[in-house]
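One structure is given here, and the rest of the page talks about it.
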Amino acid sequence: MWIGSVRIGVRTSNAPNAGTDSLVTAEVLRDGVQIANLRLDYEYEDDLERGAFRYYTYSHLTRRNDQTPELPPGIGQSPMPYPDFGLEFSHGVSGHLRLRLHIHGDDMWIKDNVDLAIKQVRQVATSFDTLAWKQDAAWSGAGTWSQDVALSTDGSEGVTTWSLVA
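So for the sequence shown, my numbering puts the first residue at -17; every next one is plus one.
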């Protein structure tokens, strides 16, 4: 299975001091190994403030193969054994995909709800004898986590990282 795009919906708790100005990232892990690092940060918005909800969309993720070997340089195949972009999960996402939230400062943030949606990249027939890699048009839900969690590099306020398992 290949994931071409990821959309993370993030809601900050609507509680006193729940918002943060610290950078929060979402690390995508496959079987415990980080394969993508995504910033939950819009450059011109104060986006992780109390009660706020934002979607963070990451399209055409850099290809990270899992068990499909890379072809040697100068060798092509039609169709290619992998797409030009995407994260491969050879055994599917269930039990293999983790989203680890990581705060990079001591300004506490309280996570309320996180939703993960994906667009798969699949081989599809483009004619009776031709296959091509195409990304799904619609989002598919991959996980929802609703437990409130305080994150901070200040250990008296919360934890630095929090893992969400799909």
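Just so you know, even glycine gets a beta-carbon here, dropped at the ideal spot from N, CA and C. Treat the numbers as computed from the prediction; the structure is a model and nothing was measured.
In the three-state scheme derived from DSSP, where H, G and I count as helix and E and B as strand, Ala8 is classed as strand. In summary, Ile57 is exposed, with fewer than 16 beta-carbon neighbours lying within 10 Å of its beta-carbon over all protein chains present. Around the CB of Ser(-13), 16 or more other CB atoms lie within 10 Å, so the residue is classed as buried. Distance from Leu22 to Val(-8) at the Cβ level is roughly 6 Å; contact confirmed, criterion being Cβ atoms closer than 8 Å. If you draw a straight line from the Cα of Pro63 to the Cα of Thr50, it is about 7 Å long.
Residue state for His84 is assigned as strand, using DSSP reduced to three classes.
C-alpha of Ala114 to C-alpha of Tyr38: approximately 28 Å in a straight line.
For Ile17, the CB contacts under 6 Å within the same chain, skipping 5 residues up- and downstream, are Val10, Arg46 and Leu69 in chain order. When Arg12, His42 and Leu5 are compared, the shortest CA-CA separation from Tyr24 is found for Leu5.
Between Leu30 and Leu83, the C-beta gap is not smaller than 8 Å, which leaves the two residues out of contact.
Here Leu53 is exposed, its C-beta having fewer than 16 other C-beta atoms within 10 Å.
For Trp91, the closest alpha carbon among the candidates Trp121, Ile100 and Asn(-4) is that of Asn(-4).
With a 10 Å radius around the Cβ and a threshold of 16 neighbouring Cβ atoms, Gly1 comes out buried. For the 8 Å CB-CB criterion, Asp136 and Asp88 form a contact. Taking Asp3 as the centre and dropping the five residues before and after it, the same chain places the C-beta of Asp89 closer than 6 Å to its C-beta, in chain order. No residue range can be given for Phe71, since it is assigned to no beta strand (DSSP E) and is classified by DSSP as neither H nor E. Just so you know, the alpha carbons of Thr142 and Val131 end up roughly 10 Å apart.
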